[in-house]
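Sequence positions in the sequence shown follow this note's numbering and run 1 to 207.
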Amino acid sequence: MKRILVLSPHADDMEISCGGTVARFLEEGHEVFNMVFSFAEESIPEEFDITSTRIEERQAEEKLGTCTIQYKKTFQVRTFPSHRQEILDAMIISKLSIQPDIVLLPNSNDIHQDHKVIHQEGIRAFRHSTILGYENMWNSMGKSNMTTYIPLTKGHVDKKMRAIECYKSQLAKRPDLADTVKLIAGVRGSEIKVKYAEAFETIRYII
1 MKRILVLSPH ADDMEISCGG TVARFLEEGH EVFNMVFSFA EESIPEEFDI TSTRIEERQA
61 EEKLGTCTIQ YKKTFQVRTF PSHRQEILDA MIISKLSIQP DIVLLPNSND IHQDHKVIHQ
121 EGIRAFRHST ILGYENMWNS MGKSNMTTYI PLTKGHVDKK MRAIECYKSQ LAKRPDLADT
181 VKLIAGVRGS EIKVKYAEAF ETIRYII
């Protein structure tokens, strides 16, 4: 059994970027911990309640199979560069309490300011663990650096899709989100001759 920690800059990042992998890990009996740094209340569409993403996040995790423990922080969206030390300190606390074997975090080509901070501070905090950078196509720039593939079944992808569908506030802004995510899973699967997969940047791999 492995202990997997997902670093999610915003509440929906785990489900969108590596939800199928999380569903697979949970199905296989591994422990998955999700550390959420922001619920992005400032960017919720006006027609939704300010607490929408908190409720959606709980519902989405249940669709994946429920992470055993959740660590949730409340940094304001798009301000992470100003809170680097606080973010690193929170990661160190999680490192000591969880002692993860595998850490999933944004990859090095992700240009979102919040994602970039989580990537950089995550490597500092968890450099003694296997670290994989998950894919967010909307924020990626430069040459693809995805070299680790995790095959998924249709069941894993279905759980991922149901989890994403919980984020009504995000779907209101990006109605094509679910279809695009499923398409990416199919493309990544075709690259390794399976139906579906998720791809990751190999940052540190400890055998």
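Backbone N, C-alpha and C define an ideal beta-carbon position, used for all residues, glycine too.
Of the residues the options, the one placed nearest residue i, counting alpha carbons only
i: residue 21; options: 102, 167 and 91; result: 102
i: residue 36; options: 24, 96, 28 and 122; result: 122
i: residue 26; options: 3, 178, 143 and 206; result: 3
i: residue 13; options: 197, 126 and 107; result: 107
i: residue 208; options: 47, 23 and 81; result: This structure leaves residue 208 out entirely; the chain is present only between 1 and 207.
i: residue 206; options: 160, 100, 146 and 129; result: 129
i: residue 94; options: 83, 84, 72 and 115; result: 72
i: residue 186; options: 116, 91 and 151; result: 151
i: residue 61; options: 165, 138, 124 and 115; result: 165
Separation of residue j from residue i, as counted between CA atoms
i: residue 135; j: residue 141; result: 11 Å
i: residue 79; j: residue 111; result: 14 Å
i: residue 149; j: residue 199; result: 4 Å
i: residue 169; j: residue 54; result: 11 Å
i: residue 175; j: residue 188; result: 22 Å
i: residue 31; j: residue 1; result: 7 Å
i: residue 77; j: residue 109; result: 19 Å
i: residue 160; j: residue 45; result: 23 Å
i: residue 190; j: residue 178; result: 19 Å
i: residue 10; j: residue 157; result: 21 Å
i: residue 133; j: residue 105; result: 5 Å
Start and end residues, beta strand (DSSP E) containing residue i
i: residue 197; result: 196–204
i: residue 14; result: Unbroken run through residue 14 is the alpha helix (DSSP H), 13–27; no beta strand (DSSP E).
i: residue 31; result: 31–36
i: residue 55; result: Here residue 55 belongs to no beta strand (DSSP E); instead the alpha helix (DSSP H) covers 52–64.
i: residue 131; result: 130–134
Bridge-paired residues (DSSP) for residue i
i: residue 110; result: 140
i: residue 147; result: Answer is none; residue 147 lacks a bridge partner.
i: residue 72; result: 36
i: residue 103; result: 5 and 131
Range covered by the alpha helix (DSSP H) that runs through residue i
i: residue 181; result: 177–191
i: residue 224; result: The displayed coordinates of the chain run from 1 to 207. Any statement about residue 224 would go beyond what the structure contains.
i: residue 8; result: Careful: residue 8 lies outside any alpha helix (DSSP H), inside the beta strand (DSSP E) at 3–8.
i: residue 84; result: 84–98
i: residue 169; result: 168–173
Whole-angstrom C-beta distance between residue j and residue i, which should lie under 8 Å
i: residue 196; j: residue 154; result: 7 Å
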